[in-house]
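**Q** Okay, handing you the structure first.
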């Protein structure tokens with residue numbers, strides 16, 4: 044009975060992990076799109092965490108827009124890079140537009 048419960052707990056834990064990698068995660072995903080026509084400019088703003096102890100940066104859409112010199116946003120995406128156990132994590136907001 045203990046083995047069945049242990050197997051169920053492990054299965055649920057892995058099912059709830061989403062697209063996070065066990066050893067390494069590097070994913071990009073779409074967040075939103077607007078009715079504005081796509082442009083040729085891209086802006087990025089990132090936040091960084093180290094050892095699960097400190098986190099810094101400005102990953103806001105407004106900062107990404109300003110960094111790319113964008114006046115009309117067409118899409119907003121997000122990229123995540125992380126190494127497990129809080130060793131290192133970086134999340135970036137990517138804004139495209141004109």
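Residue numbers (our numbering): 44 to 141.
Virtual Cβ for every residue (Gly too), placed ideally from N, Cα, C.
Values in this document were obtained by computation on a predicted structure and should not be read as measured data.
(1) Scan the region 51-117 and note each continuous alpha helix (DSSP H) run of 4 residues or more that stays entirely inside, going in chain order.
(2) Name the two residues that bound the continuous beta strand (DSSP E) containing residue 140.
(3) Going by CA-CA distance only, name the one from 134, 106 and 80 that's closest to residue 93.
(4) Give the DSSP bridge partners of residue 126, in chain order.
(5) Looking at C-beta atoms only, is the number of pairs between the region 106-113 and the region 80-89 that lie closer than 8 Å three or more?
**A** So, from the data block:
(1) Taken in chain order, the unbroken stretches of alpha helix (DSSP H) that lie wholly in the region 51-117 and span 4 residues or more are 104-111.
(2) 131-140
(3) 134
(4) Paired residues: 131.
(5) Short answer: they touch.
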